[in-house]
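Notes for the one structure printed next.
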Amino acid sequence: MRILGIETSCDETAAAIVEDNGTILSNLVLSQLDEHRVFGGVVPEIAARAHLENIHKLVEAALEDAGVALSGLDGIAATCGPGLIGGVMIGMMTGKAIAAACNLPFIGVNHLEAHALTPRLTDKVAFPYLLLLVSGGHTQILIVHDVGHYRLLGTTIDDALGECFDKSAKLMGLPYPGGPHLEKAARQCLTPAAAREQFPLPRPMKGRTGCDFSFSGLKTAVRLHIDRPPPGTLLMNDVAALACSFENAVCETLVDRCENAIIQFLGNNESQTPAFVIAGGVAANNALRTALKDLTARHHMSFIAPPAKLCSDNAAMIAWAGVERLGRGMTDKLDIAAKPRWPLDPEAGYQKQVETT
Ligand code: KG4
Ligand code: ZN
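Everything in the sequence shown is counted per the working numbering, starting at 10 for the first residue and increasing by one.
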């Protein structure tokens, strides 16, 4: 089985072709970073226009790269949400049009499910597993029971982790997008213990029961350090130290929250080979990977982190979600609507109040 995947929910226009054995025949991502950089964040209308201009080129290139004709496909999968609605509509309508023209099944993919299923593409992880999803718009801990069957254990009550990375990096004067630049700056710091003393930061929610997160206070604490008089005098060394202290605070917070989730998961879980999976753009962060790897080792769980290219937004994960769904006969009619919000666990009522897109 061969699926074309299309992703346009944020600021990456992407198309990929994936086989049901997990072979990625092509995986193209066109980033709109340059268009959004001057604004310091993603501008939805600019994103939608850029998707519109490029999506057909990306699909053609993905087919060519894979050496596959439209007649060699078995289905079309496109992100139908959650995300910026203008962009979602463009990818979804492109996918529907190809499906209709070629008489192929259409699979409307939940972008979050695609992140959640990526470790099955890369590592053939068996259900159930524990997932930490950390991206620019989402911070969630879920039990992945099966395709379409998720239980939310915790989510952020304010900012998403990627958002906190990006906003804190901006405050530090680092380029957009902040996450990877902040990581690079932190790596320049050779004295982490001294950095923590120079720039003490909170560990929001640490020590509390449950698995929810909060990051807006951390961002504010970064701002207070930067605004400390005299303003505008942060030296390169100071930025490195602040970034290092920030990463340390994030890691400690995540380890604390994830440990609660691990205890809950292992307490109720019949799996003989329990796995902890990290996904989403922030999963590319090496300090985070190391901290979570140590945590999971302490609980005798395997730690799975897909390669960075498949952690950030891409279309291979959308095609793979299409493989998983089509294999189970879970296809969609062409009247499926685009959804700006689309929680993985609709039973988790409180998520509706706190979910960011
Ligand atoms: O999953 P993703 O590509 O797009 C969304 O669906 O949001 O995640 C993008 C987020 C951005 O906030 C970006 O700054 C963050 O992931 N990110 C990182 C790193 N690489 C990307 N954050 C921290 N460290 C990184 N190395
Ligand atoms: Zn994403």
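Glycine included, every Cβ here is placed at the ideal spot set by N, Cα and C.
Item, Value
"Rounded C-alpha distance that separates H80 from G49", "Reading off the sequence, residue 80 comes out as Ser, not His. Their Cα atoms are separated by approximately 42 angstroms."
"Cβ shell of H60 (< 6 angstroms), same chain only, five flanking positions each side left out", "T17, T22, G96, I99"
"V332 vs V134 beta-carbon contact at 8 angstroms", "no"
"Cβ neighbour criterion (16 or more within 10 Å) applied to Q281", "exposed"
"C89 - containing alpha helix (DSSP H), residue span", "Here C89 belongs to no alpha helix (DSSP H); instead the beta strand (DSSP E) covers 84 to 90."
"Heavy atoms of ligand 1 versus C-beta positions, residues under 5 angstroms", "S144, G145, G146, G171, F174, D175, P186, G188, P189, E192, G289, G290, V291, A293, N294, S321, D322"
"Cβ-based neighbour list, F208, same chain, cut-off 7 angstroms, excluding 5 preceding and 5 following", "H234, A250, L251, S254"
"Local conformation of H120 per DSSP, three classes", "helix"
"Reference A324, options L170, I64, N294, closest by Cα", "I64"
"Continuous alpha helix (DSSP H) assignments of at least 4 residues falling wholly in the segment 319 to 361", "325 to 336"
"Straight-line Cα distance separating F224 from R11", "40 angstroms"
"Near ligand 2: H60 beta-carbon under 7 angstroms from a heavy atom", "no"
"For L13, the three-state DSSP class (helix, strand or coil)", "strand"
"Proximity test, H45 beta-carbon vs ligand 2 heavy atom, cut-off 7 angstroms", "no"
"Extent of the continuous alpha helix (DSSP H) to which D303 belongs", "295 to 307"
"Which of helix, strand or coil DSSP assigns to A23", "strand"
"Pair within 8 angstroms by beta-carbon distance, A284 and S311", "yes"
"H309 to L67 span [Cα, whole Å]", "42 angstroms"
"Separation of N294 from P189, as counted between CA atoms", "7 angstroms"
"Cα-Cα separation, Q360 to M339", "Caution applies to Q360, whose pLDDT of 47 falls short of 50 and renders its modelled position unreliable; the value that the coordinates give is listed next. Taking the straight line joining both Cα atoms gives about 25 angstroms."
"Beta-bridge pairing of A284 - partner residues as DSSP gives them", "S311"
"H120 beta carbon near ligand 2 (any heavy atom closer than 7 angstroms)", "yes"
"Limits of the alpha helix (DSSP H) - the one that R46 falls within", "42 to 46"
"Given G290 as reference, the closest of S144, G14, R307 once Cα atoms are compared", "S144"
"N257 burial status per 10 Å Cβ neighbour count (16 or more: buried)", "buried"
"CB-CB length for L335 against P128, believed under 8 angstroms", "Going by Cβ atoms, the distance from L335 to P128 rounds to 19 angstroms, so no, they are not a contact pair."
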